[in-house]
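Per our numbering, the sequence shown runs over residues 1 to 474.
We put the beta carbon where it would ideally sit given N, CA and C, even for glycine.
What you are looking at is a predicted structure, and each value in this text was computed from that prediction instead of being measured.
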Amino acid sequence: MNAPQSPTPTSRRRLRRGMLALGLLIALWILLIGPWPVPSNSDRSPAFLEQTLAELAATTPETLGVDQINGSLQGGIGTAVLSLPDPAPLAGYGDRKGAAYRGYRDPLSVKSLLLDDGADQVLLFAADLLIVPPTVAVPVHARLKDELGIQPHQVLFTASHTHSGPGGFAPGLVGSLFAGDFNPAVVDALVQAFIDAAQAAQADLQPVEIATDGTAAPDLIRNRLVPDGEVRPHIPILAVRSPSGPYVALVTGFSAHPTLLGPDNLALSGDYPAALERALEAEIDAPALFLGGAVGSMAPDPPEGDFSSRAARAEAMGRSLAEKVIQKLPELVFTSTADLAGLRLPIQLPNPQVRLNSRWRLSPILTRFLLPTRTAALNALRIGDQVWFGTPCDFSGELANDLALAFEPLGVQAVACSFNGEYIGYVLPDEYRELQSYESMAMSWYGPRIGSAFTRILTEAGHLLTRLPAAQQP
C-alpha cells in the first residue's frame, strides 16, 4: 500500500490561491448583495421629521392663502379617456410577468376637478392607474405650471390603485416586476391624459356650490395584515353642483385594494372603483371621481352572493359602495363659498432598506440600485372643512384613522390618499415593523418610525391649513 503523497509546493500555492479567491468572492457577494445586519436604531425618528416640522413652524396660514376668499366658488370638471399603445403591459401583479393587456373590460380615464375661490385654486386628479409614478407626475407638474398657471402645491394626484391598469410607466428592475417593461409611449399617453383633463376642467369653470360629508362601509373592507386590526371604512363625499341644482361632479373614494379581478385577468379594468363610478354617474348624471384612499393593509370584503365571476364580485362591491353614498345625497348641505388652500412638503428620505427578515437586509449598494428614490413629498389640500392629504406610498388605513381622529373633534374631515406622484413602498404603524409579512418586510423600505413621522407631519400641515394651532391637537 502506497503512503499518501504530501502536497507539493505548487499544489499548496494553488490551494491558497483558490481559498483566497473564494474568500474574495464571498466578501464581494456580501458587499454587493448581502446579507447585511439590520441597524439597531428602531427608536430613532427619521431626520426629515424635525426638518419638516421646522419648515412648517416657519410657515404662516397667510402665506398659504388660508381664509382668503374673493367671491363665490367656481368649479370645472375634465375627463380624458386613456388611449394606450398596443401592446403594453399590465400593472399590479408580479405573477403576470409583464404580460400585455388584452382589450378593455372598462374604459379607463383620468378625471380632474378644478375649484377656485377667487383667491386660490386646487386641482384634484383621479386616475384609473396602479399608482401615479414620478415619470408622469414630474412632467405634468411642469406643464400645469407653464400652460395653466397651476402650481405643484395646488395639485393632488391620486390613483384608484386598480391592479388591472396599464403598466410600462416605471424604469428599473423594481418597476418592471410590478408594471412590466418600461415603455415611453405609455408615459407620453398618461402625461397627455392628465394635461387634457386639467385643460378641460379649466375650460369648464363655472359658478358652483359644494357640499362635504362622508359615510362608511365597515362591512366591505378587512385588514389583511392584522386579521383583528382596524380597518379604514370611511367613504369621503365632496359634491359639486351648479347653483340651479344639477350636479357638476361627485368625488368619493375608499381604502380597500382594488384586487377583486385578480392576476389572471388580462383585460384593462378599473376593478370595483369603476363599478362605483358607473353607479354614481347613473344616479347624478355627472362625472364621479374615485380617489384611492389609505390602502395600506386594507383588502376588499365584497358582499356575499353567488357570483358567476370575479368581475361580478367587483361589480357588486362597487354598487354596494355607491348605494351608501347615494343614501347620503339628500342630506348634503351646499354652500357657494369655501376656503381653498394647498401645501406641498418635499422630504429628504432616509437610506432605504430591503429586509430579508428582522435581522438581515440586502446590501446598501444593491438597495440603492433597486430603490434610487431619495426625495418624495407630502401634500394637503383644504376644501372647506375637508383636508385631503396626499402621500407617496401605500399609506396605512390604520394611520389614516389616527389622522382622522386628530381632526374629528375640531369639525374637520381628514382624508388620507395614496400615490401622490412618487412611490416609496408601504408606510405602516411603527409597531408593525417586525411582523413577518410582505407589507412590513419586503415593501417597507424607509423605516423605522416613518409611519409616526408621516402622521405627525400631516397633522401639523392640516392644522396650518385650517388655522388650528398645534396646542389644540387632541
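Taking the alpha carbon of Val110 as the reference point, which residue from Thr335, Met298, Ser244, Leu156 has its own alpha carbon closest?
Leu156
Assuming Leu129 and Ala159 are in contact, meaning their beta carbons sit under 8 Å apart, how far apart are those beta carbons, in whole angstroms?
4 Å
Suppose the cutoff is 8 Å on Cβ atoms and the five residues either side in sequence are ignored; what does the same chain contact list for Gly94 look like?
Leu177, Phe178
Does the beta-carbon of Leu20 have 16 or more other beta-carbons within 10 angstroms, so that it is buried, or is it exposed?
Around the beta carbon of Leu20, fewer than 16 other beta carbons sit within 10 angstroms, so the residue counts as exposed.
Looking at Leu371: is its Cβ nearer than 8 Å to the Cβ of Ala314?
no
Between which two residues does the beta strand (DSSP E) containing Gln121 stretch?
121–127
What does a CB cutoff of less than 6 Å around Gly103 pick up in its chain, not counting 5 residues either side in sequence?
Ala267, listed in sequence order.
Compare the beta carbon distance of Ala286 and Pro302 with 8 Å and say whether it is the shorter of the two.
Taking 8 Å as the cut-off, the beta carbon of Ala286 is found no closer than this to the beta carbon of Pro302.
Using the beta-carbon count (16 or more within 10 Å), is Trp388 buried or exposed?
Using a 10 angstroms sphere on the CB of Trp388, the tally of other CB atoms reaches 16 or more, which defines it as buried.
Output the boundary residues of the beta strand (DSSP E) element that contains Arg143.
Premise fails: Arg143 lies in the alpha helix (DSSP H), 134–143, not in any beta strand (DSSP E).
So Lys324 is in the alpha helix (DSSP H); what residue range does that whole segment cover?
310–328
Tell me the rounded alpha-carbon separation between Ala377 and Pro139.
16 Å
If I'm right that Thr373 touches Ile424 with Cβ under 8 Å, what's the distance once you round it to whole angstroms?
Their Cβ separation, rounded to whole angstroms, is 6 Å, which keeps Thr373 and Ile424 in contact under 8 Å.
Under the assumption that Ile235 contacts Ala216 (Cβ atoms under 8 Å), give the Cβ distance between them as a whole number of angstroms.
6 Å
Does the region 416–435 come close enough to the region 286–301 to have 3 or more Cβ pairs within less than 8 Å?
In short, these stretches touch, since the Cβ pair count reaches three.
Please name the residue or residues paired with Gln206 in a DSSP beta bridge.
For Gln206, the beta-bridge partners assigned by DSSP are Gly75.
What are the boundary residues of the alpha helix (DSSP H) that Val174 is part of?
173–179
Once you ignore the five residues that flank Leu291 on each side, which residues in its own chain have a CB closer than 6 Å to its CB?
Ala126, Thr158, Gly253, Cys417
Could you please give the first and the last residue of the uninterrupted alpha helix (DSSP H) stretch that includes Asn401?
397–407
Could you spell out the range, first to last residue, of the beta strand (DSSP E) harbouring Pro236?
Taken as a continuous stretch (DSSP letters only), the beta strand (DSSP E) holding Pro236 covers 234–241.
Determine whether the beta carbon atoms of Asp339 and Gly411 lie at a separation below 8 Å.
no
Quick one: using the 10 Å Cβ neighbour count with 16 as the cut-off for buried, is Gln348 buried or exposed?
exposed
Just to confirm my understanding: we take Leu205, look at its own chain, exclude 5 residues before and 5 after, and list those with CB closer than 8 Å. What are they?
Gln74, Gly75, Gly76, Leu114, Asp116
Among all the DSSP beta bridges, which residues are the ones paired with Met298?
Asn223
Please report the distance separating the alpha-carbon of Gly270 from that of Leu22.
52 Å
Three or more C-beta pairs under 8 Å: does that hold for the region 396–415 against the region 161–169?
no
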